[in-house]
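Colleague: One structure, as structure tokens, below. Some questions next.
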Amino acid sequence: MNNLRSVDLNLLVVLDALLAEQHLSRAAERLNMSQPAVSHALARLRRTLDDPLFTREGGRLQPTLRALELTVPLTEALSQIRTVLTPDQFDPTARHQFWIAASDYGTTLLLPKLMPRLRRIAPGIDLTVTQHSREAMIAAVVDGAIDLALGVFPSLPPQIQSHPLFQDSYACLLDPGSQPHPFRGLTQDLYWSAPHVLVAVHGEAATEIDLHLRHHRRARRIALILPHWSVAPRVIAGTDLILTAARSSLEAAADDLALLPPPFTLPPISFVAIHHRRRRADPALRWLLEQIRIDLPG
80 MNNLRSVDLN LLVVLDALLA EQHLSRAAER LNMSQPAVSH ALARLRRTLD DPLFTREGGR
140 LQPTLRALEL TVPLTEALSQ IRTVLTPDQF DPTARHQFWI AASDYGTTLL LPKLMPRLRR
200 IAPGIDLTVT QHSREAMIAA VVDGAIDLAL GVFPSLPPQI QSHPLFQDSY ACLLDPGSQP
260 HPFRGLTQDL YWSAPHVLVA VHGEAATEID LHLRHHRRAR RIALILPHWS VAPRVIAGTD
320 LILTAARSSL EAAADDLALL PPPFTLPPIS FVAIHHRRRR ADPALRWLLE QIRIDLPG
């Protein structure tokens, strides 16, 4: 590669947009450039890196292996440059887009209070919230596809920084009238014999509950797997199903049902925010974390 002094670093911004959009005109729109200007920049990138970088497949630009190898280091490099050039203080009155990944459990707890305040004090802030599996959230943070992920992450790679937000506990939701009579409370015998509801994105079955039970050589029968926390409590009434989930996600549904502690000890639920360590000095991200913390569950 040429000496750094001879390289136009603006080309890296173009490459970043092309990798993200994989489409010439959309990359040009994202960069507020003309399509011929982006095409010219791509030609210069190809000469500089001695690689075609993209091949046309239909209407898309398919990255070459070399381009894919550059994706992560390019994202990290541009993030570091933006951190250097960004003021120490974030201006919440400016236009800014945040990308967040969270389950509906997390968004239900945080967004109803967070959004009214953001609209009041920072109307230029836009949030895009997506839902992925836990592994996909971590991968998106590592790749720079999202700014922040909110959830429960028992293990994280070293490049990820975690910020504790709050702790919750497990509770069990059931319909006493649909359990074997006479109902004498949630005993261990009833828990092991009953069918259960599992909340898991994309059908994953290795939740903290089941890993904990497996460690103690126990297992439960999963009769229903759902991807959404908000739907799960609604399927309990009129069935013998038991839902074991975060207490705060079940309290609103407990009026006509029984909300009981598990008949054995389960570890607490630690809800955290995670981002890449390269973003730890980012004033915009620090500001967003401060806003999230204001409305944490007590």
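Note that the sequence shown covers residues 80 to 377 in our numbering. Backbone N, C-alpha and C fix where the C-beta goes; we use that ideal spot for every residue, glycine too. All values derive from a computational prediction rather than experimental measurement.
Taking DSSP's pairing of strands, which residues face P243 in a bridge?
Modeller: For the purposes of this step, residue 243 is taken as the residue at position 164 of the sequence shown. Paired residues: V351.
Colleague: Could you check if S328 is buried or exposed, using at least 16 other CB atoms within 10 Å of its CB as the buried criterion?
Modeller: Position 249 of the sequence shown holds residue 328. Looking at its Cβ environment, which holds 16 or more other Cβ atoms inside 10 Å, S328 is buried.
Colleague: Go through the region 100-175 residue by residue and report every complete run of the beta strand (DSSP E) that reaches 3 residues or more, in order.
Modeller: Fully enclosed beta strand (DSSP E) runs of 3 or longer: 133-136 and 139-142.
Colleague: What first and last residue would you give for the alpha helix (DSSP H) that runs through V221?
Modeller: Counting from 1 along the sequence shown, the entry for residue 221 is found at position 142. Residues R213 to D222.
Colleague: Given H102, which residues of its chain have a CB within under 8 Å of its CB, disregarding the five upstream and five downstream residues?
Modeller: The residue given as residue 102 occupies position 23 in the sequence shown. These residues qualify, in order along the chain: G138, R139 and L140.
Colleague: With burial defined as no fewer than 16 other Cβ atoms inside 10 Å of the residue's Cβ, what is the status of T154: buried or exposed?
Modeller: Locating residue 154 in the sequence shown gives position 75, where the first residue counts as 1. Result: buried.
Colleague: Within the chosen definition, does the region 206-222 reach the region 320-337 through at least 3 CB pairs nearer than 8 Å?
Modeller: Result no; under three Cβ-Cβ pairs closer than 8 Å.
Colleague: Using 8 Å for Cβ pairs, my map puts R358 next to L367. What's the rounded Cβ distance?
Modeller: Locating residue 358 in the sequence shown gives position 279, counting from the first residue. Locating residue 367 in the sequence shown gives position 288, counting from the first residue. Rounded, the Cβ-Cβ distance is 11 Å, inconsistent with contact.
Colleague: How many Å lie between A273 and H260 at the Cα?
Modeller: To locate residue 273, count along the sequence shown from 1; it is residue 194. To locate residue 260, count along the sequence shown from 1; it is residue 181. Distance between the alpha carbons of A273 and H260 is about 13 Å.
Colleague: Quick check on L235: does DSSP put it in helix, strand or coil?
Modeller: On the sequence shown, residue 235 is found 156 positions in, with the first residue counted as 1. In this structure, L235 counts as coil in the three-state DSSP scheme.
Colleague: Quick check on I373: does DSSP put it in helix, strand or coil?
Modeller: Position 294 of the sequence shown holds residue 373. Reduced to three states, the DSSP call for I373 is helix.
Colleague: Could you round the C-beta distance between P142 and L132 to whole angstroms and report it? I think they count as a contact, below 8 Å.
Modeller: Taking the first residue of the sequence shown as 1, we reach residue 142 at position 63. Taking the first residue of the sequence shown as 1, we reach residue 132 at position 53. P142 to L132, Cβ: 7 Å. Contact.
Colleague: If I follow the unbroken beta strand (DSSP E) through L305, where does it start and stop?
Modeller: On the sequence shown, position 226 is the one that residue 305 refers to. Residues R300 to L305.
Colleague: Could you check whether A324 and A250 sit closer than 9 Å to each other, using their CB atoms as the reference points?
Modeller: Residue mapping note: residue 250 aligns to position 171 of the sequence shown, counting from 1. Residue mapping note: residue 324 aligns to position 245 of the sequence shown, counting from 1. Closer than 9 Å, so yes.
Colleague: Roughly how many angstroms lie between the CA atoms of R105 and A96, to the nearest whole one?
Modeller: Residue mapping note: residue 105 aligns to position 26 of the sequence shown, counting from 1. Residue mapping note: residue 96 aligns to position 17 of the sequence shown, counting from 1. Each residue's Cα considered, the two are about 9 Å apart.
Colleague: Would you kindly check if the distance between the Cβ of S257 and the Cβ of A333 is under 9 Å?
Modeller: Position 254 of the sequence shown holds residue 333. Position 178 of the sequence shown holds residue 257. No, they are not a contact pair.
Colleague: Could you give the DSSP three-state label for D205: helix, strand or coil?
Modeller: One-based indexing of the sequence shown puts residue 205 at position 126. In the structure shown, D205 sits in a strand (DSSP, three-state: E or B).
Colleague: Could you tell me which residues DSSP puts in a beta bridge with G230?
Modeller: Against the sequence shown, residue 230 aligns to sequence position 151. Answer by DSSP bridge pairing, in chain order: V351.
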